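Note sheet for the following structure.
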Amino acid sequence: MNMKIRTKLILVVFFLWVFGSALLVFLSYNTAREQQIESIRTRVRDYAALGAMSVAAEDHARLQVPEDAYSDPS
177 MNMKIRTKLI LVVFFLWVFG SALLVFLSYN TAREQQIESI RTRVRDYAAL GAMSVAAEDH
237 ARLQVPEDAY SDPS
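If you want the numbering used here, it's the position in the sequence shown, counting the first as 1, plus 176.
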């Protein structure tokens, strides 16, 4: 197959463009994924801290064994 130099140049530019586009999509996806995971981790830490602060210190001090956590506080 005998292609002209112009056709070869167009093909090279096209494939470089496709490769560059795919690379940008991959990098954008990876960055967004990492940011989303970090956001979820931050929210989970915040919720855990709020949950820990909502337990009264006296109630926490009365826990003697792990089973006490599931019993009636009376």
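Quick reminder that beta carbons are idealized off the backbone N, C-alpha and C, glycines included. The structure presented is a predicted model; accordingly, all values stated were derived computationally and were not measured.
Do residue j and residue i come within 8 Å of each other at the CB atom, strictly closer than that value?
i, j, result
"A232", "L239", "no"
Pick from the options: whose alpha carbon is nearest that of residue i?
i, options, result
"D235", "D248, L226, A225, A224", "D248"
- Ranges of the alpha helix (DSSP H) found wholly within the region 185-244, counting only runs of at least 4: 233-237
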